[in-house]
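For the sequence shown, my numbering assigns the number 217 to the initial residue and increments by one for each residue that follows.
No residue lacks a Cβ here, since even glycine has one placed at the ideal position from N, Cα and C.
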Amino acid sequence: MTERLYYQDPYLCAFEANVVASRKIDGHPAVVLDATAFYPTAGGQPNDTGDMNGIPVVDVHLAEDGEIVHVLDGTLSGPAVQGMVDWDRRFDHMQQHTGQHILSQAFAQMCNAETVGFHVGGDLSTLDLDRVFLTSEPLSAVERLSNEIVMDSRPVIARFVDESELAALPLRKMPVVEGPIRIVHVQGFDWSPCGGTHVRNSGQVGPIKVTRIERRKTITRVSFVCGWRALSDYAHKQWITQELAAHLTTSEDEIIPSVLRAAAEGKDLRKALAAAQMEVLHARAADWIAEAELVGEMAIVRLAFDERDVSWLKEAARRLTGRAGVVALLATRRPRTQFVFARAEGVTADMGRLMRAACAAVGGRGGGGPQFAQGGAPGDLSAEPALDAAVGQLRDADVGREG
Ligand SMILES: [Zn+2]
């Protein structure tokens, strides 16, 4: 079996070893070594990357026989290997992983919640608690305790223990493997069976920050960031607040009241606009009918508007078709291009068929019954051509009828 150098020294990046077996995995050369500092994907911690004799190591995983398989981006020329682990990636994983041990113990102590899952992702890490977290529970106390353990700079020690010693330890969770068990001990705080890589001192975890809590059926998923990731996250959030403050021409402390005020003003303005548009409709409806194009017995009211919502179009159609003979072909260009076609009682033209033809002419979609139809199209240049198509159909049908 491969000697796992990362068990003794997770800070070891450069090492020498020999190839003991070669394989092909999905067309890539892959090797097993007599010793390795490369950590394989396991226990929620992603694999290391790096290189061997300058050839990139693209994946490291545990094979079914328990061997550590290194997948390479090229073929090694001989059995002797100089390995180099990508330290930035490894140290980031050590920070997230050790931070998780601390955070899990803090959730156990402050909320009586046990950790049942853990995963280090590309941006965020997650841990799963075995029950639903209540919004009334002291998340800030969990973060406080976790960061106190960081500030304490406590030694973090990983070592193998036998069964008798194991029984005496206050383990946070029971081991899932047999034989000698590797225990990771954050001094005086947390004892967990774990095969991952950890920092040697809790201070190296850096800040621990929970970024999100989500309920997932009977468990709770906690997203968190540690160390450099926490600093990046803080910098990103600071950028957001500074941009918002600049756009709102206010101070950071005034962002929330400013946004709430703007939202309330927007709501009032939309209400006032809707009322004004309704007044325009009432004042102009008779003019629009007077200006309608007469085709046979029909008076075609064809109008395209900006900034109307579909409920306004429907109300306009309802009002216009109260007059005998009217066919209302209405469009709004913004916020989206939408159409409402309606006919007065006694008119025989089929609005659903007309709508399908109009929408097809501009790459949109729509439909409806003989009396009323609705549709929409992409872009804000399609309103006029769609209405042209609808009016054209009515004229052609009229010519056909007369002929
Ligand atoms: Zn661990």
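Beta-carbon contacts of Leu497 that lie in its chain and below 8 Å, excluding the five residues immediately before and after: Trp528, Glu531, Ala532 and Arg535
Residue span of the beta strand (DSSP E) that contains Thr427, given as start and end: Ile424 to Arg432
Helix, strand or coil at Ser356 according to DSSP, with G and I counted as helix: helix
Contacts around Gly619, its chain only, beta-carbon distance under 8 Å, and the 5 residues preceding and following it disregarded: The predicted model places Gly619 with a pLDDT of 44, which falls under 50 and marks its position as unreliable; any figure quoted below should be read in that light. Taken in chain order, the list of residues that qualify is empty.
Contained alpha helix (DSSP H) runs [length at least 4] in the segment 490-572, N- to C-terminal order: 526-536
Under the three-state DSSP convention, the category Gln403 falls into: coil
Buried/exposed call for Cys478, threshold 16 Cβ in 10 Å: Looking at the sequence shown, residue 478 is not Cys but Ala. Exposed is the call here.
According to DSSP, residues forming a beta bridge with Asn269: In the DSSP output, where bridge partners are listed per residue, Asn269 has none listed.
Coarse secondary structure for Pro371, derived from DSSP in three states: strand
Candidates Asp346, Ala230 and Ser238: closest to Gly294 by CA position: Ser238
Member of Gln554, Pro601, His277 and Val441 whose CA lies at the smallest distance from the CA of Gly583: Gln554
Glu418: CB within 7 Å of a non-hydrogen atom of ligand 1: One point to set straight first is that residue 418 is Ser, not Glu, in the sequence displayed. Flag unset: Cβ of Ser418 not near ligand 1.
Distance cut-off 7 Å: Ser408 Cβ against heavy atoms of ligand 1: yes
Best match in Ile271, Ser439 and Glu509 for proximity to Gly333 [C-alpha to C-alpha]: Ser439
Start-to-end residues for the beta strand (DSSP E) that takes in Thr291: Looking at the DSSP string, Thr291 is not in any beta strand (DSSP E), and its letter there is neither H nor E.
Boundaries of the beta strand (DSSP E) in which Thr436 is found, first to last residue: Ile435 to Cys442
Residue from Gly419, Leu610 and Ile397 with nearest C-alpha to Ser380: Ile397
Whole-Å CB distance - Val285 paired with Ala246, under 8 Å assumed: 5 Å
Residues that Gly592 bridges to, as DSSP identifies them: Gln554 and Arg581
Three-state secondary structure (DSSP) of Leu610: helix
Straight-line Cα distance separating Tyr255 from Cys229: 11 Å
C-alpha distance - Gln607 paired with Ile516, whole-angstrom precision: The residue you asked about is not Gln; residue 607 is Val in the sequence shown. Approximately 8 Å, taken between the alpha carbons.
8 Å Cβ cutoff met for Ala520 and Arg549: yes
At least three beta-carbon pairs within less than 8 Å, the segment 408-426 to the segment 365-374: yes
Inter-residue Cα distance where the pair is Ser356 and Pro272: 42 Å
The segment 345-353 in contact with the segment 318-333 per 3-pair CB rule at 8 Å: yes
Beta bridge counterpart(s) of Leu343 as assigned by DSSP: Phe334 and Val438
Span of the beta strand (DSSP E) around Ala233: Ala230 to Ile241
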